[in-house]
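Peer 1:
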Amino acid sequence: MHIPDGFLSPQTYLPAYAVAAGAWAWAAKGLRAQLDETMVPRLAVLTALSYVLGIIMVPIPGGTSGHVLGVAILALAFGVRAAFVAYSLVLLLQSLLFGAGGITSLAVNALAMGLIGAGAAVAVRKLLARFGDTASIAIAAWVSVMLPGIIVALVLGMQPLIAQNAEGTPLFFPFGLSITLPAVLIPHIFIGIGEAVLTVLVWRYVRARNWVTI
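The sequence shown begins at 959 in the numbering used here and counts up by one.
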């Protein structure tokens, strides 16, 4: 699901960076009071897990790739702010060290996967909590993959409409929504199932050790 450099127009990634800057400031401000000597190493462990999961990428037709995120467990254990900051760092390191995603697209990737993915996981978990931990967490994790997938597909699919040359040829990503939506979402239905299973297993581990802070 990482969007690489060269796929997004400046008309897309510059406003995204402006939005992301505000979101990072919001997350960092609230997180500062939350971090302590107990939470930091636990957050680091799950962030490292997300980092490893995110570099195992499966190519997807339509110009992007898919992978398990790991953002749901970060959000469910530590909250949206912590998950957003941690996953933004994961994306930055992946782009710098492995070329997984780009610097120009970092803001879009972070907002889609780190912020919206985390927020969706927490919201769905609370909404479905009455159905029990396994069901609510599994569905929350699945949604945390699918919703960012929809956003990434929409952002990519709109690029031909946003930036064209005088002849109408797309200057950046060349495929429209009719290609990006099915190309991204169909594989992520199955990736989301894997995310759900993994998140439930990790959740049971962290809950048994009282790592959950929300």
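Each residue gets a CB set at the ideal place from its N, CA and C atoms; glycine is no exception.
Could you tell me the boundaries of the alpha helix (DSSP H) in which A1002 lies?
Peer 2: Taken as a continuous stretch (DSSP letters only), the alpha helix (DSSP H) holding A1002 covers M997 to G1012.
Peer 1: Specify, as a first and last residue, the run of the alpha helix (DSSP H) that M1042 falls within.
Peer 2: As written in the sequence, residue 1042 is Phe, which differs from the Met given in the question. From DSSP, the alpha helix (DSSP H) with F1042 extends over V1038 to F1056.
Peer 1: My assumption, with CB atoms under 8 Å, is that A981 sits in contact with L1034. Please give the rounded CB distance.
Peer 2: Going by Cβ atoms, the distance from A981 to L1034 rounds to 19 Å, so no, they are not a contact pair.
Peer 1: Who are the Cβ neighbours of S1063 in its own chain at under 7 Å, not counting the five residues just before and after it?
Peer 2: I961, P962, D963, F965, L966 and Y971
Peer 1: Indicate whether F1173 and I1013 have their beta-carbon atoms separated by less than 8 Å.
Peer 2: Here the chain covers residues 959 to 1172 and nothing more, so residue 1173 does not appear.
Peer 1: Inspect the beta-carbon positions of W1161 and I1031 and report whether they are closer than 8 Å.
Peer 2: Contact: yes.
Peer 1: Which first and last residues belong to the alpha helix (DSSP H) in which D990 is found?
Peer 2: The sequence as given places Arg at residue 990; Asp does not occur at that position. Counting along the chain, the alpha helix (DSSP H) containing R990 begins and ends at P968 to Q992.
Peer 1: Can you tell me where the alpha helix (DSSP H) with M1071 in it begins and where it stops?
Peer 2: Boundaries cannot be given for M1071, as no alpha helix (DSSP H) includes it and DSSP labels it neither H nor E.
Peer 1: Please return the same chain residues whose Cβ sits closer than 7 Å to the Cβ of L989, not counting the five positions on each side in sequence.
Peer 2: R1039, A1040 and V1043
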